[in-house]
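*Asks:*
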Amino acid sequence: MNLLKYIARNTFRHKLRTSLTVLGMAIVVLAYCLLRTVVAAWYAGVEASSPNRLITRNAVSLIFPLPISYLNRIREVPGVEAVSYGRWFGGIYINEKNFFPQFAIDADHYLDLYPEFIIPEKQLEAFKKDRRGCIAGRLIARKYGWKVGDTITIRGTIFPGTWDFILRGIYHGIDRGTDESQFFFHWDYLNESLKKTMPIRADHVGWFVVKIKDVSQAAEISRKIDALFQNSLAETLTETEKAFQMGFVSMTEAIVVAIKIISYVVIGIILVVLSNTMAMTARERTREYGVLKTLGFQEGFLFKLIIGESLFIAVTGGILGIILSFPAARIFAKSLETFFPIFNLSAKTLLSGLLAATLVGFLSGIFPSIRASRTSIVDSLGHVG
Amino acid sequence: MDEASAQGPINREEEKDDPLIIVKDLHKSYRRGAQKLTVLTGVNLSIPEAQYVVFIGPSGSGKTTLLNLIAGIDKPDKGKIIIAGVDISTLDESRLSKWRARHVGFIFQFYNLIPVLTAYENVELPLLLTHLSKKERKKHVLAALKVTGILDRAFHFPAQLSGGQQQRVAIARAIVTDPTIIVADEPTGDLDKDSAAQILDLLNYLNRELGKTIVMVTHDPRAAKRARKVYVLDKGILRDQYENDLSWT
Ligand SMILES: Nc1ncnc2c1ncn2[C@@H]1O[C@H](COP(=O)(O)OP(=O)(O)OP(=O)(O)O)[C@@H](O)[C@H]1O
Ligand SMILES: [Mg+2]
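Those protein sequences? They're chains X and B, same order as listed. Start counting the first sequence at 1; every next residue gets the next number (our numbering). Start counting the second sequence at 1001; every next residue gets the next number (our numbering).
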C-alpha cells in the first residue's frame, strides 16, 4: 500500500464521473491546442520572414504600385546586396474557392532571395527560359493534381483576361514553417501584355524585396531608401519583412485576440468543471478524511490525496487531449489549407496545453483540500457521506 | 518518532502505581449558532493500566464527548487529561496528531474502514505513519488480523465483508500499532446479537490476555457487563461507578 495506489483506487471509485471529467479535459486541451495553432498559423508569415530582407512599398498603401525604374536606384544604396520585385496578381483558378497567392516576379532573381523555397536546378532553369512558365508550391500542386508541363489557366481580376501558364517547376519548403502554397510567374509576361492592353499600368511593381548584408543596418538602409524617393510622385515605405508581414496580421488582430481569449475561456470552463467534481468527491469522503485524521494523518497527507487525484484526472485528460490533437490537427490543416498553408502543432503549444491541464488539476484540488483539513475530526466523523 | 511520544511513557517504571489515564475537572460545551450547549461539567476519573472501563448513560449524556476528549480527537474547554504522564489538552494540533498515531487505537460503531482499501491495507494504514519497513509492516498486519480472527479475509474489500467481519478488521487496525489505549464508541451498536457477542469476546481477550487498556462507550447492557468497571454518565457528570464481577466469564 502506498499513496499512489490509494489515489489511483480513489480515482476509479466513480468510473463514469472520472471518465467524463477526463474526457472533458481531453476535449478542452484538444480545443486549446487547435486554437493556439490557429493563432500560430496566423503569424506563420511573420515567423517565416527573414531578418535580412526588407520590403519597399508605396508609402500610401500597398495597393498602389511603384515604378520599375526605382530598381536601379535602390540597388545603389550602400549595404544593399540584391534587389528584386514582385506584383500581386490575384487571379482565380477555376473558381473563387480555390484561393492561393499568385505573384508576378522578377524571374531571374526573385527566388534567389528566398532560399527557403527549394526548386530542382533543372526546373528553375526551365522556368527562367519560358516566358509563360510558372512555379507552384508543393501543397497546391498536390491539391490540384498539377504535373510539370501542365497548362494552368488563371482568370485575371485585377488584370483582366485569361492567362495560360505552363508549370515548369514545383518548389518545396526548407522546413515545416515555409509556405508551400504560392504561385510564381514572369513579371515580364504580365508587363508585356499590359503594355499592349493598358499601357498606364505597365512598368510598375507591387513592391521591391531588398536583401541586406548586415541585419543591424536594417533601419538605416530603410531610411536611406525612403529618402531617395521623398517628394516624388510615389513615395516609398521600407520596413523589414517581419514588420511588413506583421502589418497584414494586425489588420485581423481582433480575430487573433478573440481566439486567444477563447483558448483561455475553455481552460477556465474545465477549471470550474473539475473544481466542482473534486468538491463533490471530497464532500462525499468527509467521513473518511476524519478517519484518516483520527489515525494520525495530517493536513499534508490529505492535500496529497486530494490534489493527487485531481492531478491524476487532469493530466490523464491532458495527455489524451494532446494525443487526439495530432489527428485533429491533420484534419483541420487539410480542410483549412487555403486559409492556413502553415498549420503545425508545435511542441510549445502541446506543452502549454499539458501545463494548463496540470495547473487546472492543481487548482481544483486546493479548495477541497483546505476544506477537508479545516473540518474538525468530530464534525467529519459525524458527517453522513 | 517525535517529542510527544518522547514525553510519553518515560517514567512508567517509577510511576507504576499512577493511573494510566487521569481526567481532572473536565468541562466541554458546544456552540450551535448563538446557543451554548454544555455537555460535560467537571468530570473527574482515573483509569489504571490494563483496565477495561465502559461509560454508560442516557443518550446525549456526553459519553461520546468524553471518549473523544480522552482519545485526543477533541479539545476540552477546561480541565486536564493526563495520559501516561502527558497532558494532551496542552498539545497543539500536529503534536496531538502524532500522539494519537502512537498511543490510541480507535474502534467506531460504523467500522469506518476505507472502502477502496482491502482488509489488509486498512490495517496497514496506521503503520504508514511509523518507520517500519514494508516487510515489518506485513508481519504486524498479519499478526493483528490473526488475533482478530479475520486473516482469511485479508484481501477482501470492506463491501465484501459482513458487519462483524468489518468490525474485526477495524479492531485489527486499532491494535496493529500496539497503542497505549484502545477506545471504542458503541462497537457493537450496529451488529446482530451473535456478532456482537463475538466482538465483546475479542475485546475481553485483548484486555485479559494481551493487557490492553480499553475505554468503551455503550448502550448495550450486555456489553457493559463485560467491562471490569462501569461509569454511569448523566447530563455531563459522573453519576455512579461500580465494578463488575467478571469471574463468570
Ligand atoms: N460536534 C458537536 N457539535 C455540537 N453539539 C454536539 C457535538 N457533539 C455532540 N454534541 C451535543 O452534545 C451532547 C452530548 O453528545 P454526545 O454525543 O457526547 O452524547 P452521547 O452520550 O454519546 O449520546 P448517544 O448515546 O446518543 O451517542 C448532545 O446533546 C449532542 O447533541
Ligand atoms: Mg455517543
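Built from N, CA and C at the ideal position, the CB exists for glycine as well.
Can you find a C-beta in chain B that's less than 8 Å from the C-beta of residue 385 (chain X)?
*Replies:* In the first sequence, residue 385 (chain X) corresponds to position 385, counting from 1. Note on residue 385 (chain X): pLDDT 42, under 50, position unreliable in the model; the coordinate value appears next. No, its Cβ sits nowhere closer than 8 Å to a Cβ of chain B.
*Asks:* Where DSSP assigns a beta bridge to residue 173 (chain X), which residues make up the other side?
*Replies:* Residue 173 (chain X) sits at position 173 when you count from the first residue of the first sequence. X:117, per the DSSP bridge assignment.
*Asks:* Go ahead and label residue 1010 (chain B) buried or exposed: buried means 16 or more other beta carbons lie within 10 angstroms of its beta carbon, across all protein chains shown.
*Replies:* Here residue 1010 (chain B) refers to the residue found at position 10 of the second sequence. With a pLDDT of 46 at residue 1010 (chain B), under the threshold of 50, the predicted position of this residue should be treated as unreliable, though the coordinate-derived value follows. Classification for residue 1010 (chain B): exposed.
*Asks:* Less than 7 Å between the CB of residue 378 (chain X) and some heavy atom of ligand 3, yes or no?
*Replies:* Only ligand 1 and ligand 2 can be found as ligands here, which leaves ligand 3 out of the picture.
*Asks:* Heavy atom of ligand 2 less than 7 Å from the Cβ of residue 1064 (chain B), yes or no?
*Replies:* In the second sequence, the residue the question calls residue 1064 (chain B) occupies position 64. Yes - ligand 2 has a heavy atom lying nearer than 7 Å to the Cβ of residue 1064 (chain B).
*Asks:* Between the Cα of residue 1172 (chain B) and those of B:1065, B:1242, B:1118 and B:1194, spot the shortest distance and give me the residue it belongs to.
*Replies:* In the second sequence, the residue the question calls residue 1172 (chain B) occupies position 172. Closest option to residue 1172 (chain B), Cα to Cα, is B:1118.
*Asks:* Who are the near neighbours of residue 44 (chain X) in its chain, counting only those whose CB is closer than 6 Å to its CB and skipping five residues on each side?
*Replies:* Within the first sequence, numbered from 1, the residue matching residue 44 (chain X) stands at position 44. Correct list, in chain order: 342.
*Asks:* Let me see if you follow: with CB-CB separation under 8 Å, is residue 1013 (chain B) close to chain X or not?
*Replies:* Here residue 1013 (chain B) is taken as the residue at index 13 of the second sequence, counted from 1. Only weak support is given to the placement of residue 1013 (chain B): the predicted model assigns it a pLDDT of 45, under 50, and the value that follows is read from those uncertain coordinates. Answer no: the Cβ-Cβ gap between residue 1013 (chain B) and chain X never drops below 8 Å.
*Asks:* Step through the CB atoms of chain X and report whether any lies within less than 8 Å of the CB of residue 1155 (chain B).
*Replies:* Position 155 of the second sequence, counted from the first residue, corresponds to residue 1155 (chain B). So no, residue 1155 (chain B) is outside the interface.
*Asks:* What first and last residue would you give for the beta strand (DSSP E) that runs through residue 240 (chain X)?
*Replies:* Locating residue 240 (chain X) in the first sequence gives position 240, counting from the first residue. 236-240 is the extent of the beta strand (DSSP E) around residue 240 (chain X).
*Asks:* Output needed for residue 1242 (chain B): all residues of its chain with C-beta closer than 7 Å, excluding positions within five of it in sequence on either side, in chain order.
*Replies:* For the purposes of this step, residue 1242 (chain B) is taken as residue 242 along the second sequence, with counting starting at 1. 1230, listed in sequence order.
*Asks:* If you pair each beta-carbon of the region 132-140 of chain X with each one of the region 165-176 of chain X, do three or more pairs fall below 8 Å?
*Replies:* In short, these stretches touch, since the Cβ pair count reaches three.
*Asks:* Give the DSSP bridge partners of residue 162 (chain X), in chain order.
*Replies:* Taking the first residue of the first sequence as position 1, residue 162 (chain X) is located at position 162. Answer is X:155, bridged to residue 162 (chain X).
*Asks:* For the region 1052-1080 of chain B, list every residue whose C-beta sits within 7 Å of some C-beta in chain X, in sequence order.
*Replies:* Hits within the stretch, in order: 1068, 1073 and 1074.
*Asks:* Below 7 Å on C-beta distance, what does residue 1101 (chain B) contact in chain X?
*Replies:* On the second sequence, residue 1101 (chain B) is found 101 positions in, with the first residue counted as 1. Near residue 1101 (chain B) (Cβ distances below 7 Å), the residues of chain X are 295 and 296.
*Asks:* Looking at chain X, is there any beta carbon in it that lies within less than 8 Å of the beta carbon of residue 1089 (chain B)?
*Replies:* Start at 1 with the first residue of the second sequence, and residue 1089 (chain B) comes out as number 89. Not one chain X Cβ lies under 8 Å of residue 1089 (chain B).
*Asks:* Just to confirm my understanding: we take residue 244 (chain X), look at its own chain, exclude 5 residues before and 5 after, and list those with CB closer than 7 Å. What are they?
*Replies:* Start at 1 with the first residue of the first sequence, and residue 244 (chain X) comes out as number 244. Cβ neighbours of residue 244 (chain X) beyond the five flanking positions: 55.
*Asks:* Of all the residues that make up the region 1106-1118 of chain B, which are near chain X by a beta-carbon distance shorter than 9 Å?
*Replies:* So the list reads 1106, 1108, 1110, 1112, 1113, 1114, 1115, 1116, 1117 and 1118, given in the order they occur along the chain.
*Asks:* Within its chain, find whatever has a CB closer than 6 Å to the CB of residue 371 (chain X); leave out the 5 residues flanking it on each side and keep chain order.
*Replies:* Your numbering for residue 371 (chain X) matches position 371 in the first sequence. So no residue of the chain qualifies.
*Asks:* If you measure from the CB of residue 291 (chain X), is any heavy atom of ligand 2 nearer than 7 Å?
*Replies:* To locate residue 291 (chain X), count along the first sequence from 1; it is residue 291. No, since every heavy atom of ligand 2 falls outside the 7 Å radius drawn around the Cβ of residue 291 (chain X).
*Asks:* Ligand 1 and residue 1069 (chain B): does any heavy atom of the ligand fall closer than 7 Å to the residue's C-beta?
*Replies:* Here the question's residue 1069 (chain B) lines up with position 69 in the second sequence. No, ligand 1 has no heavy atom inside 7 Å of this Cβ.
*Asks:* Using the three-state DSSP reduction, which class does residue 132 (chain X) fall into: helix, strand or coil?
*Replies:* Taking the first sequence and counting its residues from 1, one reaches residue 132 (chain X) at position 132. Looking at residue 132 (chain X) - three-state DSSP - the assignment turns out to be coil, as it is neither helix nor strand.
*Asks:* Please state if the CB of residue 1074 (chain B) and the CB of residue 378 (chain X) are separated by a distance shorter than 8 Å.
*Replies:* Along the first sequence, one-based indexing puts residue 378 (chain X) at 378. Along the second sequence, one-based indexing puts residue 1074 (chain B) at 74. In this structure, residue 1074 (chain B) lies closer than 8 Å to residue 378 (chain X) by Cβ.
*Asks:* Could you compute how far the alpha carbon of residue 224 (chain X) sits from the alpha carbon of residue 77 (chain X)?
*Replies:* As a first step, residue 224 (chain X) must be located in the first sequence, where it is residue number 224. As a first step, residue 77 (chain X) must be located in the first sequence, where it is residue number 77. Taking the straight line joining both Cα atoms gives about 7 Å.
*Asks:* Would you say residue 284 (chain X) reaches chain B, if we count a Cβ-Cβ gap shorter than 8 Å as a contact?
*Replies:* Numbered from 1 along the first sequence, position 284 holds the residue referred to as residue 284 (chain X). So no, residue 284 (chain X) is outside the interface.
*Asks:* Under 7 Å: does the beta carbon of residue 13 (chain X) sit that close to some heavy atom of ligand 1?
*Replies:* Residue 13 (chain X) sits at position 13 when you count from the first residue of the first sequence. Result no, Cβ not under 7 Å from ligand 1.
*Asks:* Measuring alpha carbon to alpha carbon, tell me which of X:213, X:251, X:340 and X:163 ends up nearest residue 193 (chain X).
*Replies:* Here residue 193 (chain X) refers to the residue found at position 193 of the first sequence. With distances taken between Cα atoms, residue 193 (chain X) lies closest to X:163.
*Asks:* Decide yes or no for the touch test of the region 296-311 of chain X against the region 359-371 of chain X: beta carbon pairs closer than 8 Å, at least 3 of them.
*Replies:* A contact exists between the region 296-311 of chain X and the region 359-371 of chain X.
*Asks:* Under 8 Å, Cβ to Cβ, is there at least one residue of chain X near residue 1003 (chain B)?
*Replies:* For the purposes of this step, residue 1003 (chain B) is identified with residue 3 of the second sequence, where counting begins at 1. Reliability of the predicted coordinates at residue 1003 (chain B) is poor, the pLDDT of 44 falling under 50, and the value obtained from them is presented with this limitation in mind. No, residue 1003 (chain B) lies away from the interface with chain X (no Cβ there is under 8 Å from its Cβ).
*Asks:* With a threshold of 16 other CB atoms inside 10 Å of the CB of residue 1216 (chain B), please say whether the residue is buried or exposed.
*Replies:* Here residue 1216 (chain B) refers to the residue found at position 216 of the second sequence. Buried.
*Asks:* Please confirm whether residue 1083 (chain B) and residue 1089 (chain B) have their CB atoms less than 8 Å apart.
*Replies:* Position 83 of the second sequence, counted from the start, is the residue given in the question as residue 1083 (chain B). Position 89 of the second sequence, counted from the start, is the residue given in the question as residue 1089 (chain B). Contact flag unset, no.
*Asks:* When every heavy atom of ligand 2 is checked, does at least one fall within less than 7 Å of the C-beta of residue 1190 (chain B)?
*Replies:* Walking along the second sequence from the start, residue 1190 (chain B) turns up at place 190. False, no ligand heavy atom lies under 7 Å from that Cβ.
*Asks:* If we call anything under 8 Å between Cβ atoms a contact, is residue 226 (chain X) one with residue 68 (chain X)?
*Replies:* Residue mapping note: residue 226 (chain X) aligns to position 226 of the first sequence, counting from 1. Residue mapping note: residue 68 (chain X) aligns to position 68 of the first sequence, counting from 1. In this structure, residue 68 (chain X) does not lie closer than 8 Å to residue 226 (chain X) by Cβ.
*Asks:* Determine, using beta carbons only, whether residue 1029 (chain B) and residue 1039 (chain B) come nearer to each other than 8 Å.
*Replies:* Numbered from 1 along the second sequence, position 29 holds the residue referred to as residue 1029 (chain B). Numbered from 1 along the second sequence, position 39 holds the residue referred to as residue 1039 (chain B). Closer than 8 Å, so yes.
*Asks:* I'd like to know if residue 307 (chain X) contacts chain B, where contact means its C-beta is closer than 8 Å to some C-beta of that chain.
*Replies:* Counting from one through the first sequence, the residue named residue 307 (chain X) turns up at place 307. So, not an interface residue.
*Asks:* Taking the CB atoms as reference points, tell me whether residue 20 (chain X) and residue 236 (chain X) lie closer together than 8 Å.
*Replies:* Within the first sequence, numbered from 1, the residue matching residue 20 (chain X) stands at position 20. Within the first sequence, numbered from 1, the residue matching residue 236 (chain X) stands at position 236. Not a contact, by the Cβ cut-off of 8 Å.
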